[in-house]
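Residue numbers (our numbering): 1 to 187.
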């Protein structure tokens with residue numbers, strides 16, 4: 001509603017990083033979250049042999065980014081050798097993600113792949129993998145990066161990071177704003 005009201009008042013609206021459900025957005029600059037989810041799944045399919053038992057850790061199943069990143073489900077289903085064993089929608093903070101991942105792994109010890117769908121769930125999932133000492137027998141594909149997930153990548157608690165080009169999104173967002181405000185077409 002706020003975007004529609006701003007557009008009605010003559011404001012040019014550009015969405016950067018997260019898509020919004022409004023026809024009044026002049027340009028959207030962001031990641032292909034569905035493709036990124038498939039990429040996370042593919043990293044596990046390429047990195048692990050045999051049958052995959054997958055746990056998904058989402059942060060906002062009703063939000064566009066989290067919902068779209070569950071494109072991992074499609075890639076796993078198409079592979080014929082993976083099944084989603086458990087999925088949780090946790091609060092978007094590391095402590096909740098850690099607790100929910102620990103509970104998931106304790107309830108389903110057969111899980112050998114985790115997909116954590118944003119930065120804070122990635123931190124919490126990596127902490128859970130480390131706490132349970134599962135780095136050697138579990139593949140964790142995580143989204144975004146910070147010092148904790150990069151450290152976890154080096155220790156083996158995280159096996160793959162799906163990282164957005166935030167600099168590029170910001171750059172192209174400003175470029176699009178300039179083009180739209182000067183009457184040029186935004187690409």
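All residues carry an ideal CB built from backbone N, CA and C; glycine is no exception.
- Of 137, 27, 92 and 102, the smallest CA-CA separation from residue 184 is found for 27.
- The Cβ atoms of residue 60 and residue 92 lie closer than 9 Å to each other.
- For residue 176, the enclosing alpha helix (DSSP H) has its first and last residue at 166 to 181.
- The C-alpha of residue 178 is placed about 12 Å away from the C-alpha of residue 170.
- In this structure, residue 121 keeps its C-beta atom at 9 Å or more from the C-beta atom of residue 55.
- The continuous beta strand (DSSP E) containing residue 84 extends over residues 82 to 89.
- One Cα belongs to residue 58, the other to residue 70, and the distance between them is close to 8 Å.
- Residue state for residue 33 is assigned as helix, using DSSP reduced to three classes.
- CA-to-CA, the gap between residue 117 and residue 86 works out to about 14 Å.
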